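Data first, discussion second: the structure below is written as C-alpha cells.
Next comes the structure, spelled out in C-alpha cells:
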C-alpha cells in the first residue's frame, strides 16, 4: 500500500461548482463544494475526451484519497473548478491504484 500524499504538499483550496441543466440546456441549479488539502499545478499538455477530441490541459489538481477533504468526492467531467479567481473545467479524471484509489489527478482546462 502506498503512503498518502503528505498534507504539507496539499496546500491549496478550490471550489467545485456542479451545474444541472434543464431540458432546454439552461442552467437550472448549481451547488458548490469546497475542496481542501489539494494541490493545483500549472501545466501545458493535451488529453483526449470520450469522443477522442484533443483537449488542452492548463492545470492538474491532485486529490489525495486519505488527506484531501471532503472524502470520497465524486468528480464529474465538465464541472467548473474555481481556483485563485480562475475558472477551469474538468477535462480529465485519472485514478491511481484502481483497487483502492490512492489519489486522483484531475486535468483542468480554461
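Residue numbers (our numbering): 1 to 110. Even for Gly, the Cβ is constructed at its ideal location relative to N, Cα and C. Here the structure is a predicted model, which means the values were calculated and not measured.
- [ ] Report yes or no: do the stretch 35 to 42 and the stretch 93 to 103 share at least 3 C-beta pairs separated by less than 8 Å?
- [x] No: fewer than three Cβ pairs fall under 8 Å.
Task: Nearest-angstrom Cα separation, counted from residue 84 out to residue 118 - done: Residue 118 is absent from the structure shown; the chain starts at 1 and stops at 110.
TODO: Can you grab the Cα-Cα spacing for the pair residue 8 / residue 60, in whole Å?
DONE: So the alpha carbons of these two residues sit roughly 18 Å apart.
Task: Euclidean distance between Cα positions of residue 73 and residue 4 - done: Going from the Cα of residue 73 to the Cα of residue 4 covers about 16 Å.
Task: Exposure label - residue 91; buried when at least 16 CB within 10 Å - done: Result: buried.
Open item on the list: If the criterion is Cβ atoms closer than 8 Å, does the pair residue 110 and residue 68 meet it?
Closed with: Taking a C-beta distance under 8 Å as the contact criterion, residue 110 and residue 68 do not qualify as a contact pair.
Open item on the list: Checking the sheet assignment: what are the DSSP bridge partners for residue 111?
Closed with: Residue 111 cannot be examined here, being either before or after the span of the chain that is shown, 1 to 110.
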